[in-house]
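Contents: one structure, followed by commentary.
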Amino acid sequence: MPAEEFVAGWISGALGLVLGHPFDTVKVRLQTQTTYRGIVDCMVKTYRHESLLGFFKGMSFPIASIAVVNSVLFGVYSNALLALTATSHQERRAQPPSYTHVFIAGCTGGFLQAYCLAPFDLIKVRLQNQTEPRAKPGSPPPRYRGPVHCAASIFQAEGPRGLFRGAWALTLRDTPTLGIYFVTYEWLCRQFTPDGQTPSSGTVLVAGGFAGITSWVAATPLDVIKSRMQMAGLKQRAYGGLLDCMVSSARQEGLGVFFRGLTINSARAFPVNAVTFLSYEHLLLSWG
Ligand SMILES: CN(C)C(=N)NCCC[C@H](N)C(=O)O
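Right under this line is the structure:
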């Protein structure tokens with residue numbers, strides 16, 4: 001099993017993550033809290049109340065963990081394509097795989113990464129939703145002191161299953177949308193690259209950016225539900241399951257609730273995925 005794809009996936013995931021984390025914090029807060037009037041209001045309040053650090057809450061943990069998840073995604077995707085088409089990453093420019101194969105490999109990567117991602121994503125979302133300013137004398141301490149304390153508290157209160165809260169919604173979100181992600185990337189690369197040649201850096205940036213936007217637009221409705229189910233253990237609101245969360249969110253807030261965070265998700269998706277694909281392709285090219 002070629003391992004370079006896993007390493008390249010890890011490094012490129014880490015680079016994309018640092019770039020996208022401030023957007024991600026605003027998105028998670030908009031999706032799960034009703035105190036903000038919109039993106040700008042959320043950014044201003046976060047900055048006033050918590051300073052620039054507020055945008056980077058919960059980032060140290062994803063750097064180590066979500067980057068590993070990205071390595072699972074890219075590694076499984078590439079190895080699934082190898083199993084389906086018997087071509088390595090280098091051979092795929094001369095012998096491009098069919099879009100059906102790309103879609104199946106993307107869905108496989110998405111499905112497997114969702115299970116690795118679930119506990120890390122839960123901790124990230126819980127930490128991002130702590131709006132208390134850091135260590136201000138006299139103010140109440142935040143519920144979680146950090147990622148390890150957060151994981152331990154969830155484990156103590158709810159057992160190992162608690163760490164997988166929202167995992168089902170996450171799997172439903174990621175399986176088809178990662179198929180869409182890789183198909184969009186491949187399709188755009190092929191549109192702007194002569195047959196058999198390697199796409200230019202500009203093409204990879206644009207194709208990666210739009211792959212991110214397209215997949216996140218498709219993922220946003222289930223992303224909202226996933227984030228709400230992950231926060232449900234903390235808030236008084238408990239949902240009977242995924243369907244109950246969908247129905248009660250739509251009843252209380254209208255259908256627009258499924259598109260909460262769409263703009264910020266798309267704005268975040270372009271730079272994050274442009275950088276992720278560019279570094280991924282460059283690393284693999286430089287390793288021959
Ligand atoms: C729609 N979904 C779930 C995705 N396209 N996921 C893969 C993108 C990974 C990248 N680190 C990001 O967070 O955008």
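Residue numbers 1 to 288, in the UniProt record's numbering, belong to the letters of the sequence shown in order.
We put the beta carbon where it would ideally sit given N, CA and C, even for glycine.
All figures in this text were calculated on a predicted structure; none of them were measured in a lab.
Item to check | Among 37, 227, 154 and 127, nearest to residue 141 - alpha-carbon criterion | outcome: 127
Next on the checklist: Taking 6 Å as the limit between beta carbons, can you name the residues of its chain near residue 113, skipping five residues before and five after?
Outcome noted: 69, 72 and 73
Checklist entry - From residue 39 to residue 49, what distance separates their C-alpha atoms? => result 15 Å
Checklist entry - Ordered along the chain, which non-local residues of its own chain (more than five positions away) have a Cβ less than 8 Å from that of residue 84? => result 97, 101, 104 and 105
Checklist entry - Count the other CB atoms within 10 Å of the CB of residue 247; is the residue buried (16 or more) or exposed (fewer)? => result That one is exposed.
Next on the checklist: DSSP three-state label for residue 192, please.
Outcome noted: In this structure, residue 192 counts as coil in the three-state DSSP scheme.
Next on the checklist: Considering only the alpha carbon of each residue, which of 208, 161 and 89 lies closest to residue 266?
Outcome noted: 208
Next on the checklist: With a threshold of 7 Å on Cβ separation, who are the neighbours of residue 130 within its own chain once the five nearest residues in sequence on each side are excluded?
Outcome noted: 57, 142, 143 and 144
Next on the checklist: Suppose the cutoff is 8 Å on Cβ atoms and the five residues either side in sequence are ignored; what does the same chain contact list for residue 120 look like?
Outcome noted: 61, 62, 65, 66 and 69
Checklist entry - Who are the Cβ neighbours of residue 4 in its own chain at under 7 Å, not counting the five residues just before and after it? => result 284 and 287
Checklist entry - Around the C-beta of residue 230, are 16 or more other C-beta atoms found within 10 angstroms, so that it is buried, or is it exposed? => result buried
Next on the checklist: Restricting to Cα atoms, I'd like to know which of 182, 274 and 268 is closest to residue 78.
Outcome noted: 182
Next on the checklist: Cutting at 6 Å between CB atoms, please list the residues of its own chain near residue 218, excluding the five before and the five after it.
Outcome noted: 177 and 180
Next on the checklist: So the candidates are 33, 276 and 23; which of them puts its Cα closest to the Cα of residue 43?
Outcome noted: Selected option, being the one with the closest Cα: 23.
Item to check | Interface flag, residue 112 vs chain D, CB-CB below 8 Å | outcome: The displayed structure is made up of one protein chain only, and chain D is not part of it.
Checklist entry - Run through DSSP, which three-state label would residue 86 get? => result In the structure shown, residue 86 sits in coil (DSSP, three-state: anything other than H, G, I, E or B).
Checklist entry - In its own chain, which residues sit with a C-beta less than 7 Å from the C-beta of residue 125, not counting the 5 before and 5 after it? => result 28, 227, 230 and 231
Next on the checklist: Using 8 Å for Cβ pairs, my map puts residue 238 next to residue 167. What's the rounded Cβ distance?
Outcome noted: With 8 Å as the limit, residue 238 and residue 167 do not qualify as a contact, their Cβ atoms being about 17 Å apart.
Checklist entry - DSSP three-state call for residue 79: helix, strand or coil? => result Residue 79: helix per DSSP, three-state reduction.
Item to check | Pairwise C-alpha distance: residue 170 and residue 36 | outcome: 24 Å
Checklist entry - Which residue comes first and which comes last in the alpha helix (DSSP H) that contains residue 231? => result Run containing residue 231: 201-232, per the alpha helix (DSSP H) assignment.
Checklist entry - Run through DSSP, which three-state label would residue 241 get? => result coil
Item to check | Own chain partners of residue 214 with C-beta closer than 8 Å, once the 5 adjacent residues on each side are dropped | outcome: 180, 181 and 184
Item to check | Reference residue 122; option with closest CA among 240, 173, 165 and 199 | outcome: 165
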